[in-house]
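Take a look at the structure set out below.
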Amino acid sequence: MTAPGAASPDTPIAGLVDLALTAPTFQQLIARASDRPDELTLVGPASARSFVASALAQQGPLLVVTATGREADDVTAELRGVFGEAVALFPSWETLPHERLSPGVDTVGARLLLLRRLAHPDDTRLGPPLRVVVTAVRSLLQPMTPQLGRQEPVSLSVGQEIGFDEVIARLVELAYTRVDMVGRRGEFAVRGGILDLFAPTAEHPVRVEFWGDEITEMRMFSVADQRSIPEIEVSTLVAVACRELLLTEDVRARAAALAAQHPASENTVTGSVIDMLAKLAEGIPTDGMEALLPVLRPDDHALLTDQLAEGTPVLVCDPEKVRTRAADLIKTGREFLEASWSVAAMGTDAPVDVEALGGSGFAELEQVQTAASSSGHPWWTLSQLSEESATELEVRAAPSARGHQKDIDDIFAMLRAHVSTGGHAVMVEPGTGTAHRMVERLAESDIPAAMLEPGAAPKLGVVGVLKGPLRDGVIVPGANLVVVTETNLTGNRATAVEGKRLAAKRRNTADPLALTAGDLVVHDQHGIGRFVEMVERTVGGARREYLVLEYASAKRGGGSDKLYVPMDSLDQLSRYVGGQAPALSRLGGSDWTNTKTKARKAVREIAGELVALYAKRQASPGHAFAPDTPWQAEMEDAFGFTETVDQLTAITEVKGDMEKSIPMDRVICGDVGYGKTEIAVRAAFKAVQDGKQVAVLVPTTLLADQHLQTFTDRMAGFPVTVKGLSRFTDPAESRTVIEGMADGSVDVVIGTHRLLQTGVRWKDLGLVVVDEEQRFGVEHKEHIKSLRSHVDVLTMSATPIPRTLEMSLAGIREMSTILTPPEERYPVLTYVGPHDDKQVAAALRRELLRDGQAFYVHNRVSSIDDTAARIRKLVPEARVVVAHGQMPEDLLERTVQGFWQREFDILVCTTIVETGLDISNANTLIVERADTFGLSQLHQLRGRVGRSRERGYAYFLYPPQAPLTETAYDRLATIAQNNELGAGMAVALKDLEIRGAGNVLGVEQSGHVAGVGFDLYVRLVGEAVEAYRAAADGKMVTTPEEPKGVRIDLPVDAHLPPDYIGSDRLRLEAYRRLATATSDSGVAAVVDELIDRYGALPEPALRLVAVARLRLLCRASGITDVSAPSSATVRLAPMDLPDSAQVRLKRMYPGGHYRATTSTVQVPIPRDGGVGAPRIRDVELVQMVANLVTALAGKPQQDIGRTSLSEDDAGATASGKERQAR
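Per the UniProt record's numbering, the sequence shown starts with residue 1, numbered consecutively.
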């Protein structure tokens, strides 16, 4: 036990629990438990779970079993607050044993790590010896491969000698996937002597550098930008396996034997058992292979209780609930077994007997209990219902107000009385902000209160306020202690602290040039071509890489022309994104120039309008809000999730705009569920702090309700009045709200377009937040537009207006883009397969088992009612309701609202759910006839589920008898593979960009977008806007009709060698980054990143960097062409030299001459040494040209061959070169 009062941030509630355990009722319990009786039946409230577990764990290790995974999460968080790292959760698979889905890598990793800690309690690298293991009943019943805890993980530490190839072979054995760039857990990548490894249990991936077979350095890096994270020290790494069924020799042999009995035929369904067995026999892991565990290792299973240390007691919380849950699990498991292995899904006769698969795949609860007791594990229970032989604990649940003010006052009165009569009282809050605010609230009610140090024991005479993980409060009379929590007061469930620790996701910018053969690209000078391949050519003794593009032939009826684009001019290329498939441009024709000129003209018109609107806004006065108040900080601290980087940037930008005196007009773009609402909440709160009112406009009643709940929850405990106004608000309430708006008693109103109606007056409106602007009608939009010139407006949109467009509109309407998905817990598990009623029933039932809801998408209104009837038959216990776009609007909104308020379990609907529905409790999606949907639709639909702490499931089903078309099959395969949240960016980019652009620019512009491709079009808009704004400021700007590229053609061997960056995709990305860097520091940043990711730069790469720096110099001096017409001279054009510069040229380069008529300068290439020596080349030559350019421009010389901004790194590069040479 911790010494009472010893403060420790890792165990914030230890002091509080220690005080509770001094009560006689707990002391007697500890004494009884020390005799280890076989059975012990306790009775007490659910909120006493963690206190009881802490008491029982005083005597040695303990296993705690709950009914659901969510309860297990909560109990784990609470017990960690008492014992710190000595508590661990044994998570359950998110898949049922016979489902064709494999459990997530993170889940498997956490399970294996825990089993390893149980098997090796003395291994300190894994953490302290376990005091308490918490698990849901599901993991207790599920048999697993024996000896998993004895399986050797890959352990690496700095200074260790270990064969590099041996490590890689071992990772493959442990089911890690080899990729070219690590993006998720369970992946590794190899580059030279660098190993990137993302262990299933790690927060971030680790980059391990080898020197020969010795590990010289380890550092964490971020998935988001692949750069190292220097703040986190790392010296050891333990990487456990990624699957619980490893393909060892004997497993493969057994699979081969089973597969031989049933050879695969022509029409074997991919994913059928036969197909799976054939793949496993070859050692290829397949999705859902864990389901075959009982057949592949027939007599070989272990239960969790077999892995515990001797004599570890089992404490079952709420045994009644656990029993029901166990029965449900076994029933649903059996249904899945029948569905997924039924003859229909097999394609032929089942090779595996259903019973051999262990019925449901779960052991019966009674069997587990008997087995545990017989191997010496006492079986204890804690129930809320009393029995005769039971021991009643003297603990009561704290009173609960669930947000009602009168009850909150009663609780405060109880605390005041309790403290004044010499009792101990503690308030537990989930966040620091809410805790500080609670101290203020108690003081406002004349109750003495003070913050408690984490882990400290409560003091007499004051209410101690503590930030800690306790869900529900208790009253322990024996210790004279009252504990009240946030949940008791408001009914809000604090989000689990677990969510705070996940690695940031990679921002979903679709890679601008992720090319595959056949893709269309746009070249600024030559137009639209088709990408063929990347090649390496040697010209004039210099090796360089080129992209080969195919164009329409200039001759009539001819074949096609090829264009070789050197890697250093990749900045002139972009992927073609446009409405339809365009014709390829002809090389050398004038068609392309004409198309571009037309687009330019059209663009000028928009630019003019945009600039006028901007000028009008700049001229009108607005309110400058004051800087943040302490309350603002407290409200923000109470946010239950970690903000993503994009969110923080957007919040800072919004506040910056509000504090200026010009009215704000900012758009926040980001996919649904990316955390836009939180930004609005913070902005609204800031406005209210300044005494202003806030209007939040939303397109639908459902959104109004959802926002109302969010805003109310987030601002609870602060003196802010939040009200809603929509069609469903009853008339009396509406009148009160409208009067409140006029007299200033209402601070924030959230409503539909009713807020825009005449007769709605505001006392002092300061901020308007518009959600999903694109869904309002034209006249409403006009109304909103008229507000823009005098109050602050914040618009939120879920149509991802592409990043490039936002750059070009910079400064007209400020934009913030949120591209980083929030800390989603799990990618959605996606199943693609033939439709089978049994499977549908089992999937729906599994969702009902965890008290969730489901969407069932059927896209034909005519037959939707029959479908609903069929589902009611399949799952009679579910409440099924129908929604589609042809219903009367009122009825539709009421239905969806009822679904959101959990009055129904299954919503059978058309694709109306595709946009903007955020129902976090609905986590199963079933799509009928998925073969008839487009990719982005499937992606949008899948985005509706998996939004909370629960795992989301998506089933895309197609009719089993109808053959799939090739394209439908490809689409379904793509969606099955890209199951990360952000993958959709890649998947849905094409049509989203077109749609997004249409929204901003208007329809008539879409034709021009199709003509020149999206990226180029956007650049044109940017140039035009720039010109207009400069003109408005009275500056003359001449935008050249064609920004010229710089062509450098010198005998320099400059490229990124394939043995430095192996993957074409990543090499292309690196080339493009160098080509598009616009400043010296930009080049330096790319170099730093390359050194960090791939090791020191080899010689050819250093030359490539020098060439990139030379291009920047040339561009600044207006030179577009640097070439070597012969092996002895260099030519630069165009250059206009004044007389002084001509004299300088003659003096510095005696053989050089200047031709005024063609504006060219030619100088001889000096020799490397005496008369017969070869001429200089490579870096020396590039440096010479750079010196020439700077000298003629009269600027100081630059060293362009360096790899960093400072030369101190030269040593690092030298040691890197040795490593590279290895």
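All C-beta atoms, glycine included, are put in the ideal place defined by N, C-alpha and C.
Give me the DSSP bridge partner(s) of residue i.
i, result
"M887", "According to DSSP, which records beta bridges pairwise, M887 is partnered with nothing at all."
"K562", "E550"
"Y856", "V908 and I926"
"T381", "T41 and V316"
"T1129", "S1126 and P1164"
"R543", "T538"
"E533", "V548"
Cα-Cα, which of the options is closest to residue i?
i, options, result
"I411", "A302, H120 and P399", "P399"
"W631", "F221, T370, E440 and P1164", "E440"
"K601", "V1012, Q28, E1089 and T124", "V1012"
"P378", "E310, V521, L29 and F26", "E310"
"A291", "A257, E338, L442 and D318", "E338"
"L925", "I919, V908 and Y955", "Y955"
"A136", "F164, A88 and T145", "A88"
"residue 1224", "G833, E634 and A479", "Limits of the chain in this structure are 1 at one end and 1222 at the other, which puts residue 1224 out of reach."
"V428", "A449, A417 and G422", "A449"
"I447", "V426, A457, P430 and E453", "V426"
"R219", "G423, A239, V158 and V167", "V158"
"V314", "R471, I274, T370 and Q147", "T370"
"E950", "Q525, Q28, L56 and T68", "T68"
Apart from the five residues just before and just after residue i, which ones in its own chain have a Cβ nearer than 8 Å to its Cβ?
i, result
"T41", "W380, T381, S383, E387, S389, A390 and T391"
"S661", "P621, G622, H623 and A624"
"V1122", "V1046, R1047, I1048, D1049, L1050, L1110, C1114, V1130, R1131, L1132 and V1185"
In the structure shown, what three-state DSSP assignment does residue i receive?
i, result
"K467", "strand"
"T370", "helix"
"G288", "coil"
"C1114", "helix"
"G952", "coil"
"Q901", "coil"
"E772", "coil"
"P45", "coil"
"T201", "coil"
"F362", "coil"
"I162", "coil"
"I13", "coil"
"W211", "strand"
"W762", "coil"
"H753", "helix"
"Q28", "helix"
"residue 1256", "Within the shown structure, residues of the chain are numbered from 1 to 1222, placing residue 1256 beyond reach of any answer."
"V240", "coil"
"D628", "coil"
"R834", "Contrary to the premise, residue 834 reads as Pro rather than Arg in this sequence. Three-state DSSP puts P834 in a strand."
"R872", "helix"
Who are the near neighbours of residue i in its chain, counting only those whose CB is closer than 6 Å to its CB and skipping five residues on each side?
i, result
"D328", "L849"
"S1117", "V1189 and A1193"
"A503", "Only weak support is given to the placement of A503: the predicted model assigns it a pLDDT of 40, under 50, and the value that follows is read from those uncertain coordinates. Only E203, H204 and V223 meet the Cβ criterion."
"A1075", "D568, L570 and D571"
Cβ of residue i within 7 Å of any heavy atom in the ligand SAM?
i, result
"K601", "As for the ligand SAM, it is missing from this structure, which has no ligand bound."
So, does the CB of residue i fall closer than 8 Å to a CB anywhere in chain C?
i, result
"V1130", "Reference to chain C is not applicable here, since this structure consists of a single protein chain."
Identify, in the order they occur along the chain, each residue of the same chain with its Cβ nearer than 7 Å to the Cβ of residue i, setting aside the five sequence neighbours on each side.
i, result
"V17", "F51, S54 and V82"
"G44", "V52, L382, L393 and V395"
"M1148", "A1191"
Complete runs of the alpha helix (DSSP H) confined to the region 705-750 [at least 4 residues]: 731-743
Length-filtered (3 minimum) beta strand (DSSP E) runs lying within the region 1140-1168: 1153-1155 and 1160-1164
Complete runs of the beta strand (DSSP E) confined to the region 79-135 [at least 3 residues]: 87-90
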